Amino acid sequence: MTTSIQTFVTLSAALTGISKNVLAPTVTNLDLPTTYFDAAKQKFPADFDLLLSAFQALIDSGKSAEDAVATIMENDTYAPVAQQINFLWYMGGWAVVTDFGTQTQNLSAITYQKGMVWQVMQSHPMGYSVSRYGYWGQEPAPLNDYIGNGE
Amino acid sequence: MTNKQYDYIIVGSGIAGAILANELGKQGKEVLIIEAGPGISQGRNEYLKTYFEANMKTPCSPYPPLITKNNNPDTPSNPSRQNTPRPTIPGVINWSDPSKSYLTYDTKTSRAFASGYERIGGGTTWHWLGTSLRFLENDFTMQSTYGVEVNWPITYNDLVSYYARAEEGIGVAGNTESQEAYGVKFPKGYEYPMPAVKLSMVDNMFSSGLAGMPPVDKAPVFVSSTPQGRLTQIRQSEKRPQCAGNTSCIPICPIQAKYDATITLKEALQYETVEIIYQTVVTSVEIDQTTQEISAVNYIQYEEKNGPATGSGSFSATNYILAAHAIEIPKILLNSPNPGITINSKLDDANVEKCAANSSGLVGANLMDHTMYLAWGLSDKQVFPFRGPLSTAGIESMRDGEFRKERAAYRIEIGNEGWNWATGDPQNTLGDLIFGTNYTQMNPKKEKFFGAAMVDKLNDIYTRQIRLGFLIEQSPCPDNRVTLSKTETDNLGIPRPRIQYTLSDYTKNGFLSAKKTASAIFKQIGATEYTVAPPSTTNPAQNGTYFQYKNEDFVFYGAGHVVGTTTMGNDPTTSVLNSDLQSWDHANLYIIGSSVFPTITTANPTLTIAALTYRLADHLLKKAKA
Ligand SMILES: Cc1cc2nc3c(=O)[nH]c(=O)nc-3n(C[C@H](O)[C@H](O)[C@H](O)COP(=O)(O)OP(=O)(O)OC[C@H]3O[C@@H](n4cnc5c(N)ncnc54)[C@H](O)[C@@H]3O)c2cc1C
Ligand code: SF4
């Protein structure tokens, strides 16, 4: 991982509330952090870099990632970009906010399936489950099994 | 192929067409199935990928022709450029614009028809849910029992053995006791072919929460497991697995644990005497003016999805069966001139089209759907929705009773998909929390959330979301009908449907009752209700499905149950078909599908379509022997 992608993952974990090892698992042939990093850079050519360096500067000044994100969210330039990145991790696509709810512009079939929204509800993407018959009659595994425990 | 004389031509390869072809093929009959859409070989993986990629994950989203241009929900495809257009959700939202909606309307007098279907090999069961309830005895005798609507020309007893065949064919998983508890009658010792599907945590919460609830609006309220066409055991003969709970039965089951008609169609096509021709759209039937028998069906063919017509012609057979579903069937008949017809309609003569099967003037009339009332809320405990089949139980105890003299009855489907249907979740609650909006009412202070606080809030909301869907009976009304548009056509030049559609007071009284019942149920189980029916001006997308009744605002949804338009009956002046599903006007023309239902009843239609199809097959085979 390059430094900027590392920064992006640290930012993303604080933003989404989901552990780094869930967002960027080491054993996978799918590199979502890079996919989303590239997509964000393309969508916000100027502001994305500014956001990342502002976040890194806050970390370098000794702030925790959580506090750094809280500061970012107070900033009118960075907050809209950070919100979109947050939504991207959860839904696998960009948000289009309308008067009648939020639409999603999917990046791909895979990113849809990898959305964190399914993790946070302790389930699986609609249309793709690895569970067995009848699992729906029982409680799912605890939330931390889905979103990690902060690592 | 062209000059061959078949025993039977079947138009449409959905569940009705497929079962009929299979039964006739078994007896060595020469059958040709004509199917407007693409074949079933490309199929599931391609459709599944399209679904995953779709930005608007509606029932039609996986299937061709695509419902939007460039996957953009704001740019619905233009039906006049498609060879097999059909009604879609973007079409309902844009119902007043014929370049976006396949169905056309006089928007001053009509409401939108909110349901759709597919025009591909295998038909609409690709995206059905699989709910396979039987009708009740009184569903067949509404006029004699309650003095409303009409009677069917057949009774529950006429269908009882065919229901068993249909349940076997579909592979219905169910439990007879839970059905008997509210009035379904089975022959002694009858068992469903598969054990019932395991209830969800949502179902169990409703079931225990409603125990001991007093009747609401004169009907008892309790939960029954739903008989459904999804496998609870492996079916080796069909190489199909047990349901794994992928939670996408609508629009597509990734592993074919859910029954769809391609299973029966493949079986039928194993018989040497059964042929199918795809991408061939039937436009009309040809009528011999001396005998009034059908002499041919006319068709137009195309090679590329939305490409130009590449051929046209006609096919002939001894008997013709239209199984193209309830909006396409009247389209074919209305497009088939019959100057020699003797009109004996009870309607105003000026309205009667001189076309095939229309001596009663009722081709296209009595269009119905289960108009749906949705209610949603948050349970007081975690029930973990978005897991398992989309629905596994319902409240069937309110389907019948004396109250049917005054108002429409309903069944209540319990959803396992949180607020997916009700508010378009998960994306809308997420959007509200991230962007500080309040579309779902989950963020009244319009705060902006992120990090651990957002996780806690999302988990708390999603795991408690519950939804009820009331399938409300719509009364038959001859003015609710399909005619042909005089101006709009599809890409092949075939006239598109024009729809006139309103809800009767009988049905609207069902909505009032549904609203009351929903609130009583949520109160009983300790849930907080979040149902909203915004005034029509608030959300233009609901403009076509909004109505006000007795000072209450309502939005109705479609159930996908397209019923009526070629009803069967005992009187040729008030029905299109006799009880054998034979046209009163043309001895060798039959129709099968939910278009033949005289009333919509209180259950989902497809099991009864299948039962009627087995009955029709018996009739045709008996007639052939005679
Ligand atoms: C979202 C949704 C959920 C549903 N869930 C349920 C459920 O849970 N339970 C239930 O009972 N029902 C359900 N239904 C209804 C069910 O899908 C239909 O009742 C059933 O599929 C109808 O079967 P059919 O064979 O009559 O018609 P279809 O399956 O629609 O088949 C008609 C065939 O005719 C072909 N065709 C059309 N026009 C022409 C033409 N001009 N020439 C040649 N071929 C033509 C079509 O391409 C199609 O293949 C649901 C429907 C929807 C939309
Ligand atoms: S829950 Fe999943 S596996 Fe079961 S029928 Fe529905 S889509 Fe198929």
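Protein sequences appear in the order of chains A and B.
As numbered in numbering that gives the first Met the number 0, residues 0 to 150 make up the first sequence, in order.
As numbered in numbering that gives the first Met the number 0, residues 0 to 625 make up the second sequence, in order.
We put the CB at the ideal spot given by N, CA and C, even for glycine.
Quantities reported herein were computed from a predicted structural model and do not represent experimental measurements.
Alpha-carbon spacing of B:Val159 relative to B:Ala180, whole angstroms: Along the second sequence, one-based indexing puts residue 159 of chain B at 160. Along the second sequence, one-based indexing puts residue 180 of chain B at 181. Computed Cα separation, rounded: 18 angstroms.
Cβ of B:Gly387 within 7 angstroms of any heavy atom in ligand 2? If you number the second sequence from 1, residue 387 of chain B lands on position 388. Checking the Cβ of B:Gly387 against ligand 2 gives yes.
Chain B partners of A:Ser130, CB-CB under 7 angstroms? The residue you call residue 130 of chain A lines up with position 131 of the first sequence. Per Cβ cutoff of 7 angstroms: Ala243, Gly244.
From B:Thr83, B:Lys345, B:Tyr189, pick the residue whose C-alpha is nearest to that of B:Asp570; which is it? Stepping through the second sequence from its first residue, residue 570 of chain B is reached at position 571. Of B:Thr83, B:Lys345, B:Tyr189, the residue nearest in Cα terms is B:Lys345.
With a cut-off of 8 angstroms, does the C-beta of A:Phe7 fall near any C-beta of chain B? If you number the first sequence from 1, residue 7 of chain A lands on position 8. Not an interface residue.
Shorter than 7 angstroms, the distance from the beta carbon of B:Ile651 to the closest heavy atom of ligand 2, or not? Past the boundaries of the shown model lies residue 651 of chain B; chain B is included only from 0 to 625, so the question cannot be answered.
Through-space distance from B:Lys187 to B:Asn71, alpha-carbon basis: Within the second sequence, the letter at position 72 stands for residue 71 of chain B. Within the second sequence, the letter at position 188 stands for residue 187 of chain B. Distance between the alpha carbons of B:Asn71 and B:Lys187: 54 angstroms.
B:Leu606 and B:Ser224 look like a contact to me (Cβ under 8 angstroms); what is the Cβ gap, rounded to whole Å? Numbered from its first residue, the second sequence carries residue 606 of chain B at position 607. Numbered from its first residue, the second sequence carries residue 224 of chain B at position 225. Not quite, the Cβ-Cβ distance comes to about 15 angstroms (not below 8 angstroms), so this is no contact.
CA nearest to the CA of B:Asn137, picked from B:Gly129, B:Asn150, B:His126, B:Trp127: Working through the second sequence from its first residue, we reach residue 137 of chain B at position 138. Ranking B:Gly129, B:Asn150, B:His126, B:Trp127 by Cα distance to B:Asn137 puts B:Asn150 first.
Interface positions of the region 1 to 34 of chain A facing chain B (Cβ-Cβ less than 8 angstroms), listed along the chain: Ala13, Leu14, Thr15, Gly16, Ile17
If we count the other Cβ atoms within 10 Å of its Cβ and call it buried at 16 or more, is B:Glu401 buried or exposed? Taking the first residue of the second sequence as position 1, residue 401 of chain B is located at position 402. Flag for B:Glu401 reads exposed.
In angstroms, rounded to a whole number, what distance separates the CA positions of B:Gly170 and A:Ala39? Along the second sequence, one-based indexing puts residue 170 of chain B at 171. Along the first sequence, one-based indexing puts residue 39 of chain A at 40. Distance between the alpha carbons of B:Gly170 and A:Ala39 is about 48 angstroms.
By the 10 Å Cβ neighbour count, where 16 or more other Cβ atoms means buried, how is B:Pro307 classified, buried or exposed? As a working note, residue 307 of chain B is residue 308 in the second sequence. B:Pro307 is exposed by the Cβ-count criterion.
Are three or more beta carbon pairs between the region 573 to 588 of chain B and the region 378 to 391 of chain B nearer than 8 angstroms? no
What three-state label does DSSP hand A:Phe153 in the structure shown? The requested residue 153 of chain A does not occur in the structure, where chain A is confined to residues 0 to 150.
Any non-hydrogen atom of ligand 2 within 7 angstroms of B:Asn245 CB: On the second sequence, residue 245 of chain B is found 246 positions in, with the first residue counted as 1. B:Asn245 Cβ: within cutoff of ligand 2.
Chain-ordered residues of the region 82 to 96 of chain A with a beta carbon less than 9 angstroms from chain B: Gln82, Gln83, Asn85, Phe86, Tyr89, Met90, Gly92, Ala94, Val95, Val96
If you run the structure through DSSP and keep just helix, strand and coil, what is B:Pro539? In the second sequence, counting from the first residue as 1, residue 539 of chain B sits at position 540. Residue state, collapsed to three classes: helix.
Does the distance from the C-beta atom of B:Val481 to that of B:Ile326 stay below 8 angstroms? The count along the second sequence starts at 1 and reaches residue 481 of chain B at position 482. The count along the second sequence starts at 1 and reaches residue 326 of chain B at position 327. Yes; because the gap between Cβ atoms is below 8 angstroms, this pair is in contact.
Less than 8 angstroms between the beta carbons of B:Phe434 and A:Met72, yes or no? Translated into positions along the second sequence, residue 434 of chain B becomes position 435. Translated into positions along the first sequence, residue 72 of chain A becomes position 73. Not in contact: B:Phe434 and A:Met72 (Cβ atoms no closer than 8 angstroms).
Going by alpha carbons, who is nearest to B:Leu511 out of B:Met567, B:Leu483, B:Tyr409? Taking the second sequence and counting its residues from 1, one reaches residue 511 of chain B at position 512. The residue with the shortest Cα to Cα distance from B:Leu511 is B:Tyr409.
Can you give me the start and stop residues for the beta strand (DSSP E) that A:Trp93 sits inside? Looking up residue 93 of chain A in the first sequence gives position 94. Segment 92 to 97, the beta strand (DSSP E) holding A:Trp93.
For B:Val284, the three-state DSSP class (helix, strand or coil): In the second sequence, residue 284 of chain B corresponds to position 285, counting from 1. If DSSP states are grouped into helix, strand and coil, B:Val284 belongs with the strands.
Cβ pair B:Val222, B:Leu230 closer than 8 angstroms: Locating residue 222 of chain B in the second sequence gives position 223, where the first residue counts as 1. Locating residue 230 of chain B in the second sequence gives position 231, where the first residue counts as 1. No.
Listing by chain order, which chain A residues have their CB less than 7 angstroms from the CB of B:Phe51? For the purposes of this step, residue 51 of chain B is taken as the residue at position 52 of the second sequence. What B:Phe51 touches in chain A: Ala108, Tyr111, Gln112, Gly126.
Compare the C-beta of A:Gln41 with all C-beta atoms of chain B and state if any pair is closer than 8 angstroms. Here the question's residue 41 of chain A lines up with position 42 in the first sequence. Chain B contact via Cβ: absent.
Euclidean distance between Cα positions of B:Gly363 and B:Lys330: What you label residue 363 of chain B is simply residue 364 of the second sequence in a count that begins at 1. What you label residue 330 of chain B is simply residue 331 of the second sequence in a count that begins at 1. Cα to Cα, the separation comes out at about 8 angstroms.
Who are the near neighbours of B:Lys353 in its chain, counting only those whose CB is closer than 8 angstroms to its CB and skipping five residues on each side? Residue numbering aside, residue 353 of chain B sits at position 354 when the second sequence is read from its first letter. These residues qualify, in order along the chain: Pro336, Asn337, Pro338, Ile340, Ile342.
Tell me whether A:Glu138 is buried or exposed, calling it buried when 16 or more other Cβ atoms sit within 10 Å of its Cβ. Position 139 of the first sequence holds residue 138 of chain A. By the 10 Å Cβ count, A:Glu138 comes out exposed.
Nearest-angstrom Cα distance between B:Ala35 and B:Ala218? Taking the first residue of the second sequence as 1, we reach residue 35 of chain B at position 36. Taking the first residue of the second sequence as 1, we reach residue 218 of chain B at position 219. Roughly 44 angstroms separates the two Cα atoms.
Tell me whether A:Leu29 is buried or exposed, calling it buried when 16 or more other Cβ atoms sit within 10 Å of its Cβ. Sequence index remark: in the first sequence, residue 29 of chain A carries index 30 (1-based). Label assigned to A:Leu29: exposed.
Helix or strand or just coil, what does DSSP make of B:Phe553? Here the question's residue 553 of chain B lines up with position 554 in the second sequence. It is a strand residue.
Whole-angstrom C-beta distance between B:Ile299 and B:Val670, which should lie under 8 angstroms: Any answer about residue 670 of chain B is impossible in this case: the structure gives chain B only from 0 up to 625.
Could you tell me which residues DSSP pairs with B:Met200 in its beta bridges? As a first step, residue 200 of chain B is located in the second sequence; it is residue number 201 there, counting from the start. Paired residues: none, contrary to the question.
For a contact meaning CB atoms closer than 7 angstroms, what does A:Ser52 contact in chain B? For the purposes of this step, residue 52 of chain A is taken as residue 53 along the first sequence, with counting starting at 1. The premise fails here: A:Ser52 is roughly 19 angstroms from chain B at the closest Cβ pair, so nothing lies under 7 angstroms.
From B:Val709 to B:Asn357, what does the alpha carbon distance come to, in whole angstroms? Chain B is shown from 0 up to 625; residue 709 of chain B falls before or after that span and cannot be answered.
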